[in-house]
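Order-wise, the sequence lines are chains A and B.
Mapping of the first sequence onto my numbering: position 126 corresponds to residue 869, and the numbering continues sequentially without gaps.
Mapping of the second sequence onto my numbering: position 139 corresponds to residue 882, and the numbering continues sequentially without gaps.
Number of protein chains: 2
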Amino acid sequence: MNTLPISYQDVVAAAERLRGVAHRTPIFRSRTLDKILGCEVFLKAENLQRGGAFKFRGAYNAISALSHAERAKGICAYSSGNHAQAVALSAQLLGTRAVIVMPADSPQLKLDATRGYGAEVVTYDRYTESREDIAARYTKERGMVLVPPFEHPLVMAGQGTCAMEILEDVPDLDALIVCTSGGGFLSGSATAVKGKTPNILVYGSEPETADDTKRSMLAGHPVGEGVPSTICDGLQTTRPGDMTFAVNKALVTDILLTSDTEVLTAMKFMFERLKLVVEPSGANALAALMSNRSLFSNKRVAVTLSGGNIDLARFIQLLHNV
Amino acid sequence: MNTLPISYQDVVAAAERLRGVAHRTPIFRSRTLDKILGCEVFLKAENLQRGGAFKFRGAYNAISALSHAERAKGICAYSSGNHAQAVALSAQLLGTRAVIVMPADSPQLKLDATRGYGAEVVTYDRYTESREDIAARYTKERGMVLVPPFEHPLVMAGQGTCAMEILEDVPDLDALIVCTSGGGFLSGSATAVKGKTPNILVYGSEPETADDTKRSMLAGHPVGEGVPSTICDGLQTTRPGDMTFAVNKALVTDILLTSDTEVLTAMKFMFERLKLVVEPSGANALAALMSNRSLFSNKRVAVTLSGGNIDLARFIQLLHNV
């Protein structure tokens, strides 16, 4: 484990940087859910995190660790999703500016929210332009620092602080389920758990149509896929990172797969019984638990609700027939 | 104030009974909301209370104060809404049984939830049968105790514990807005506030089409109305209670009125920005603030989100064009 890209101490250091800045999000219980699933479920509400998702943890950790000279030149990121808002908000809080490269057809809510945090949004046509090229213009020509969405030790360690809070708040946990796309959240979470309480099992979850991490685990090395079709728009990364995968391969027990229908059922349950808005990707880990209940029978299981950024129109479009 | 039906000490006693039983619900902030409204807003999330609404506080307070002999005979209540679930859950927690008289055409979610808390649900046809007559059968013939939804000192005092928590959590508050129907929540809240920090102004809110409390305040005595047409199904009581009105007349600054459109706007904001599901009645107080912002300019204002019990289908029906 000494050769892994991040250590438990990196997560501890991240928690120090985030103290008083990130929300310590609440853990929700539901007796109804426990009864239905035959286990004790602890729902970590990262949809209530600043910026609406766990992504704030990693972005803030990475940007706050920069030197004043680096930070003064500004931050650049490309994302159509929650990482955009996380970087924009973190840059604002740390007194620097951010350029976020986003697809021109991003949901208006996300464009507005990113601009609302004071970032400059540069839009591009996702069919004819390369976001990497555009970002390179800002990083090479203006010296801005690129903060990647997952393949970065400080981002990975920052995401791990969520699991650290779960461990502090829930005694005698048996398992933790975290959704995975590029693998930053899962690798940080697994590092936190295994560094503190190695007997707790850590599972990843991803859509069955976006199972690049599952197939990578089977292959023993990162394998890619085409852009997957899934309602979980935050889990569409086409290949795990090399660093994130190295951690996940070493520490994660298994990857559980979900269908879109299972995700919608989990979203509906969260809405009606917990009064919480969870985006599709944010409901993925709960969907994985709901469809693998035998694996967790009579266990104490924590599930991360990774984000809640979905506009009302899209929510209604997805759920009007569920 | 000595002649009012409840005192600050009654609220303090209720808080003791509810300690460790009711959730101490969180207070949410939104920088965006503060900026839009030009004031500091503190949102008390009673939609996350047990049973999905503040109603649990009053029901549990009333039932837990009964003698063992009284409690042993069981509890009866009539309600098509959140009071039903609150009484059912409280009775279950206190080891007694409850009969809840509910309209046969109540939303399935509410019937299921009430039964889920172990209550016996007796349905009636709201066009041909009297719920009072049915309830009388249980109270007179079986000796069950009727727990009314608002016109009861212990119910009123229990509802006041929510405001007490707000006062503890938010220093230097200028005003509090609480929705009102029968007036239990408002009277308990006003009693808590005025007993501890008299300079804080307490406002009620209600739909402009269900303005019986506003008109009662102008008349100086309770006046009734026909069953009002409003999306706020929890605020359709046709007349304030005598006891609740006596308190509100003495302690409440004014009643603010809302339109259905304003309520839907508030619900949408809570959904998209706070990730919280709030039922129409639960968004009423926030709608009142949003449409009376000049009244609260630069003030620190607490708003109660009184409940979150709305099924997904109804939510979509109401909000698909907003």
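For each residue, glycine too, the CB sits at the ideal point set by N, CA and C.
The model shown is predicted, which means the values in this text are computed figures rather than measured ones.
{"Asked": "Proximity of G984(A) and G926(A) at Cβ, strictly below 7 Å", "Found": "yes"}
{"Asked": "Member of L1000(B), P892(B), L961(B) and V970(B) whose CA lies at the smallest distance from the CA of Y821(B)", "Found": "P892(B)"}
{"Asked": "G795(B): contacting residues in chain A (beta-carbon distance under 8 Å)", "Found": "K1018"}
{"Asked": "Buried versus exposed, by CB contacts within 10 Å (16 or more), Q902(B)", "Found": "buried"}
{"Asked": "Validate contact between the region 1007-1016 of chain A and the region 748-761 of chain A using beta carbons, cut 8 Å, 3 pairs", "Found": "no"}
{"Asked": "Within chain A, partners of I1059(B) - CB distance below 8 Å", "Found": "I1059, L1062 and H1063"}
{"Asked": "Amino acids of chain B, ordered along the chain, whose beta-carbon sits closer than 9 Å to that of L786(A)", "Found": "None at all; the shortest Cβ gap to chain B is about 12 Å."}
{"Asked": "C-alpha distance - P1023(B) paired with G838(B), whole-angstrom precision", "Found": "32 Å"}
{"Asked": "Terminal residues of the beta strand (DSSP E) in which P950(A) lies", "Found": "L944 to P950"}
{"Asked": "Min CB distance E875(B) to chain A below 7 Å", "Found": "no"}
{"Asked": "Beta-carbon proximity check, L854(B) vs R1043(B), cutoff 7 Å", "Found": "no"}
{"Asked": "Residue closest to T940(A), alpha-carbon to alpha-carbon, out of P914(A), L961(A) and A953(A)", "Found": "P914(A)"}
{"Asked": "Local conformation of M744(B) per DSSP, three classes", "Found": "Here M744(B) scores only 46 on pLDDT, less than 50, and its place in the model is too uncertain to base an answer on."}
{"Asked": "Secondary structure, beta strand (DSSP E): runs of 3+ residues fully inside the region 930-1017 of chain A", "Found": "944-950 and 997-1001"}
{"Asked": "Alpha carbon of G861(A) to alpha carbon of R840(A), nearest angstrom", "Found": "8 Å"}
{"Asked": "D848(B) classed as buried or exposed, judged by whether at least 16 other C-beta atoms fall within 10 angstroms", "Found": "exposed"}
{"Asked": "Range covered by the alpha helix (DSSP H) that runs through K778(A)", "Found": "R774 to L780"}
{"Asked": "Amino acids of chain A, ordered along the chain, whose beta-carbon sits closer than 7 Å to that of T866(B)", "Found": "Those within 7 Å of T866(B) in chain A number zero; the least Cβ separation is about 21 Å."}
{"Asked": "Alpha-carbon to alpha-carbon, L961(B) and G781(B)", "Found": "29 Å"}
{"Asked": "Counterpart residues of P850(B) in DSSP-defined beta bridges", "Found": "According to DSSP, P850(B) bridges with nothing at all."}
{"Asked": "Rounded C-alpha distance that separates M744(B) from M845(B)", "Found": "For M744(B), the predicted model reports a pLDDT of 46, less than 50, meaning its position is unreliable; a value from the coordinates is still stated below. Going by the C-alpha atoms only, they are around 36 Å apart."}
{"Asked": "Any chain B beta carbon closer than 7 Å to G720(A)", "Found": "Residue 720(A) is absent from the model: chain A starts at 744 and stops at 1065."}
{"Asked": "Exposure label - Y870(B); buried when at least 16 CB within 10 Å", "Found": "exposed"}
{"Asked": "Cross-strand partners of A1045(B) (DSSP beta bridge)", "Found": "F785(B) and L919(B)"}
{"Asked": "Cβ-based contacts, 8 Å cut-off: residues of the region 790-821 of chain B near chain A", "Found": "N790, L791 and G795"}
{"Asked": "Candidates A1030(A), L1038(A) and E908(A), of which the one nearest M950(A) by Cα", "Found": "Here the sequence assigns Pro to residue 950(A), which means Met is not the residue at that position. The shortest C-alpha separation from P950(A) is found at A1030(A)."}
{"Asked": "Residues sharing a beta bridge with G1050(B), DSSP", "Found": "A796(B)"}
{"Asked": "Residue-level contact to chain B via CB, L961(A), 7 Å cutoff", "Found": "no"}
{"Asked": "Best match in G1050(B), L761(B), E813(B) and V1046(B) for proximity to L910(B) [C-alpha to C-alpha]", "Found": "V1046(B)"}
{"Asked": "Bridge-paired residues (DSSP) for C905(A)", "Found": "In DSSP, C905(A) forms no bridge with anything."}
{"Asked": "Within 7 Å of chain A by C-beta, residues of the region 765-778 of chain B in sequence order", "Found": "P769 and T775"}
{"Asked": "Bounding residues of the beta strand (DSSP E) (the contiguous stretch that carries Y751(A))", "Found": "Run containing Y751(A): none in the beta strand (DSSP E); it sits in the alpha helix (DSSP H), Y751 to L761."}
{"Asked": "Beta-carbon contacts of I877(B) that lie in its chain and below 8 Å, excluding the five residues immediately before and after", "Found": "Y821, V844, V865 and Y867"}
{"Asked": "Outcome for N1064(B) when other beta-carbon atoms lying within 10 angstroms are tallied against a minimum of 16", "Found": "exposed"}
{"Asked": "Residues, ordered as in the chain, of the region 874-900 of chain B that lie near chain A by beta-carbon distance below 9 Å", "Found": "none"}
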